[in-house]
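Residue numbers (the numbering used here): 30 to 252.
In this text, a Cβ means the ideal position worked out from N, Cα and C, and glycines have one as well.
Note that the coordinates shown come from a computational prediction; the quantities given were computed from them, not determined experimentally.
Okay, structure first, notes after.
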Amino acid sequence: MTTDKACKRAVRSRMTKTGESYTAARRHVRSAMTEPEIAPLPPRIAEPDTSEAAVLAGTGRTWDDWFRTLDAADATSMTHTDIARWVAAGFPISGWWAQNVTVGYERARGMRAVNQRTDGFYVAVNKTIAVPAEVAFAAIVDPDRRAMWLEADLLRLRASTAPRSATFDVRGETSRVAAYLTAKGTDRVTVTIEHNRLASADDVVARRAFWRERLASLATSLV
C-alpha cells in the first residue's frame, strides 16, 4: 500500500468520526505524519510490551512520540490492519516495527488486552534447568521422552531447529505451542514454553498454571 492510499484511509476514518471536511481532516493526518502537535497525553491503559529504550532504538521515536502521532491520526477508530499499514507506509521503519508500534498503541489505548495478539491470547512460561540445551531439546521433541513429563500425544511436532526451538499443534485444538531453549553456558538451559492462539484471558490463567507444573516435571525428569 502506498503512502497516499494509507493517508486517504486515515483521512476518511477521521472524517467519519469528527465530521470534518476532507481538507481539514487531511491537514490533521498529514501533520501527524510529519510534526505532530505537542499536547498532553491521556493516561496509558496498559504499558506496551516493548521497552522505551527498544522502541527508540528500533524506530527513532519514543512511545510518547508514537502515541501523539497516532492520536492525531485518530488511530483509535482504525482497525489493527489499518493502523499497521498507515505506520508502515508513512514512516521509515520495517513492517515488524510497524506491527510492534501498532500493538503497543492498542494496549496503551485499551484497544487490546494484556497477552492478546491479533490471532488470540498467548502465555509464556520459562524455567532454567541444570542440563545442556541438547538434553532438554531431546526431552521436548522426542515423543517417548516427552511422555515422561507431559501427557502422551498431547502435542504433535510441526517444526524444530535443534537445539533452539520447536513448534507443535495441540491435540483437539487450534492453539499452538512453541518451545524456545536458551543455553546458559554448557550445562544450563532456560526453556520457554509459549502457548498461542488461546481463546480468552481465562485460558491464559489456566495454561500458565499448567505449563508451570509441566516445566517443573520436565526439570525433575532430567536432573
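What would DSSP say about residue 222, mapped onto helix, strand or coil? When DSSP states are grouped into helix, strand and coil, residue 222 belongs to the strand group.
As assigned by DSSP and simplified to three states, the class of residue 39: In the structure shown, the three-state DSSP call for residue 39 is helix.
Which runs of the beta strand (DSSP E) fall wholly inside the region 122-209 and span at least 3 residues, in chain order? 149-158, 184-190, 194-199
What residue range is occupied by the uninterrupted alpha helix (DSSP H) comprising residue 120? Neither: residue 120 is in no alpha helix (DSSP H) and is coded neither H nor E.
Across which residues does DSSP place residue 91 in a beta bridge pair? Per DSSP, none; premise fails for residue 91.
Nearest by alpha-carbon distance to residue 188: which of 181, 243, 198 is it? For the residues 181, 243, 198, the minimum Cα distance to residue 188 belongs to 198.
Coarse secondary structure for residue 70, derived from DSSP in three states: Looking at residue 70 - three-state DSSP - the assignment turns out to be coil, as it is neither helix nor strand.
How is residue 211 classed by DSSP in three states: helix, strand or coil? It is a strand residue.
Which value, in whole angstroms, describes the spacing of the CA atoms of residue 249 and residue 219? 14 Å
Here's the rule: buried if 16 or more other CB atoms are within 10 angstroms of the residue's CB, otherwise exposed. What is residue 40? buried
Integer Cβ distance of residue 129 from residue 203, believed to fall under 8 Å: Rounded, the Cβ-Cβ distance is 25 Å, inconsistent with contact.
At which residues does the alpha helix (DSSP H) containing residue 242 begin and terminate? Start and end: 230-251.
Tell me which residues share the same chain as residue 31 and place their Cβ nearer than 6 Å to its Cβ, disregarding the 5 neighbours each side in the sequence. Unreliable positioning characterises residue 31 in this predicted model, as indicated by a pLDDT of 47, which lies under 50. The coordinate reading is nonetheless provided below. Once the five neighbours on either side are set aside, residue 31 has no close Cβ partner at all.
Given a cut-off of 8 Å, decide if residue 191 and residue 12 are closer than it, judged by their beta-carbon atoms. The chain is shown from 30 up to 252; residue 12 falls before or after that span and cannot be answered.
Taking just the CA atoms, how far does residue 226 sit from residue 23? The displayed coordinates of the chain run from 30 to 252. Any statement about residue 23 would go beyond what the structure contains.
Which residue from 150, 157, 121 puts its Cα closest to that of residue 88? 121
Kindly confirm or deny that the region 155-169 and the region 93-101 touch, where touching means at least three C-beta pairs closer than 8 Å. Taking a contact to require three or more Cβ pairs closer than 8 Å, the region 155-169 and the region 93-101 do not qualify as touching.
Determine whether the beta carbon atoms of residue 169 and residue 228 lie at a separation below 8 Å. no
What are the partner residues of residue 227, as DSSP defines its beta bridges? 150
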